[in-house]
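Numbering (this note's numbering), first residue to last: 750 to 1160.
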């Protein structure tokens, strides 16, 4: 049988995936579920909930809840995982037997071996890790214990999925106990119908006397970013406005509404739908804040965040630190506004001296980038599911059966 025919045998297998999710409230979980469905997989999703369950009511999936966890409370999360481990057979009762288990983050990786054994033990596990928690990088006892746990729970995994090459270079290769084949899945914008690939971003040029508008969108969890942007808005006295949208961490900002109320020239507009609302919210601002200090010097230096791709796709000029992976990504393409230091005075002086013509050039350069750089298409989703299908023993058996029982030649 030809390679093309063998690939067709893999393509004809409907892959059953059990997705173990660390937080059903996370929009990124919804995006991955959408990708897998668009790629042709059948899904059971079992996950923990911290806030609103964003998959409630989602069609085409079998949804199971493992329990409730709390942001920033490691002990509580460990207890929730231990409890879920004992109840897993009941929670997963009567689900379609999976061909692949996809485990998002360490807490569900800890459940993946138990889940695989429920279905015979030969179900391949894929470890999805898109952030490196600061405790995994701790040089003390906590860090060593967590890294050892990651190595133990992931020792039989078949693949690692991550979103930035810097995670591999700085953590998985030198520090982690895992040595797995790596699949790089960048945090690109889902464009399943192809409309975003065709539509060029509409430029937003500042009118004479108009304030520069900086958008801080996504996971609102960085206290240092708040200090920088709120002080910038205050010191610029109306020449800069800060627009915030997204999911606020209650642990980092228990009093966020009051903070915004007191901050001049700062507004918060709540959560948004991804990708449905992206064009509108990014076209409402001139710049997008693509800097994160939440885990400064560690994860924050290495990530390639969602907002990098979202902003670039929709014409908002990203602001990044030159020394980070995001800054290097932009510098290699001649894009964005790159800073050596992110402090209100430096940024204020830069924006005060920035001519509208220079900003127009920044936007034009951004608009000239091939749009596929920023988007995940339906074809990309299908390719992802094919890569996962190859890991499946059932898919291999189907292909091998086809090899040993070829169709009779026509004519």
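Note that the Cβ used here is the ideal one computed from N, Cα and C, for glycine as well.
The model shown is predicted, which means the values in this text are computed figures rather than measured ones.
Residues bridged to residue i (per DSSP)
i            : result
residue 1067 : 1037
residue 898  : DSSP lists no partner for residue 898.
residue 793  : 767, 811
residue 1087 : 1069
residue 1079 : Paired residues: none, contrary to the question.
residue 966  : 994
residue 961  : 989
residue 850  : 767, 874
residue 817  : 798
Delimiting residues of the alpha helix (DSSP H) encompassing residue i
i            : result
residue 1129 : 1127-1140
residue 1123 : Taken as a continuous stretch (DSSP letters only), residue 1123 belongs to no alpha helix (DSSP H), as it is neither H nor E.
residue 1118 : Neither: residue 1118 is in no alpha helix (DSSP H) and is coded neither H nor E.
residue 938  : Segment 938-940 is the beta strand (DSSP E) holding residue 938; no alpha helix (DSSP H) there.
residue 835  : 823-840
residue 995  : Per DSSP, residue 995 belongs to no alpha helix (DSSP H); it is in the beta strand (DSSP E), 989-997.
residue 946  : 944-947
residue 858  : 854-867
residue 782  : 776-787
residue 933  : No alpha helix (DSSP H) contains residue 933, which is instead part of the beta strand (DSSP E) from 931-933.
residue 1005 : 1005-1011
residue 1095 : 1093-1101
residue 1044 : Note, residue 1044: premise wrong, no alpha helix (DSSP H); not H, not E.
residue 1031 : 1027-1031
residue 1000 : Note, residue 1000: premise wrong, no alpha helix (DSSP H); not H, not E.
8 Å Cβ cutoff met for residue i and residue j
i            : j            : result
residue 1071 : residue 1089 : yes
residue 1018 : residue 994  : yes
residue 795  : residue 764  : no
residue 990  : residue 1022 : no
residue 773  : residue 797  : yes
residue 815  : residue 831  : no
residue 1053 : residue 1078 : yes
residue 1020 : residue 986  : no
residue 876  : residue 852  : yes
residue 1050 : residue 1074 : yes
residue 1085 : residue 1068 : yes
residue 1002 : residue 977  : no
residue 1099 : residue 886  : no
residue 1058 : residue 936  : yes
residue 1027 : residue 938  : yes
residue 900  : residue 879  : no
residue 964  : residue 1030 : yes
Contact set for residue i: own chain, Cβ-Cβ below 8 Å, skip 5 residues either direction
i            : result
residue 823  : 884
residue 1032 : 950, 951, 953, 1063, 1064, 1065
residue 820  : 799, 998, 999, 1000
residue 1131 : 787, 788, 789
residue 1158 : Because residue 1158 sits at a pLDDT of 45, beneath the cut-off of 50, its placement in the model cannot be relied upon, and the point is left open.
residue 1008 : 975, 979, 1002
residue 1016 : 990, 991, 992, 993, 1009
residue 1126 : 940, 941, 943, 946
Contacts around residue i, its chain only, beta-carbon distance under 7 Å, and the 5 residues preceding and following it disregarded
i            : result
residue 828  : none
residue 984  : 1093, 1097
residue 931  : 909, 911, 917
residue 1156 : Residue placement at residue 1156 is flagged as unreliable, the pLDDT there being 44, under the threshold of 50; the coordinate-derived value follows with that caveat. Nothing listed; no residue qualifies.
residue 838  : 867
residue 1146 : none
residue 1091 : 977, 1040, 1070
6 Å CB neighbourhood of residue i in its chain, flanking five on each side removed
i            : result
residue 1141 : 848, 849
residue 1122 : none
residue 1120 : 946
residue 778  : 770
residue 966  : 994, 995, 1056
residue 1160 : Bear in mind that the predicted position of residue 1160 carries a pLDDT of just 37, short of 50, making it too unreliable to give a figure here.
residue 988  : 960
residue 1005 : 997
Run of the beta strand (DSSP E) containing residue i, from where it starts to where it stops
i            : result
residue 908  : 908-911
residue 1015 : 1015-1017
residue 877  : 874-877
Are the region 1040-1057 and the region 959-978 touching by the rule of at least three beta carbon pairs closer than 8 Å? yes
Using 8 Å as the Cβ pair cut-off and three pairs as the minimum, do the region 898-918 and the region 855-871 touch? yes
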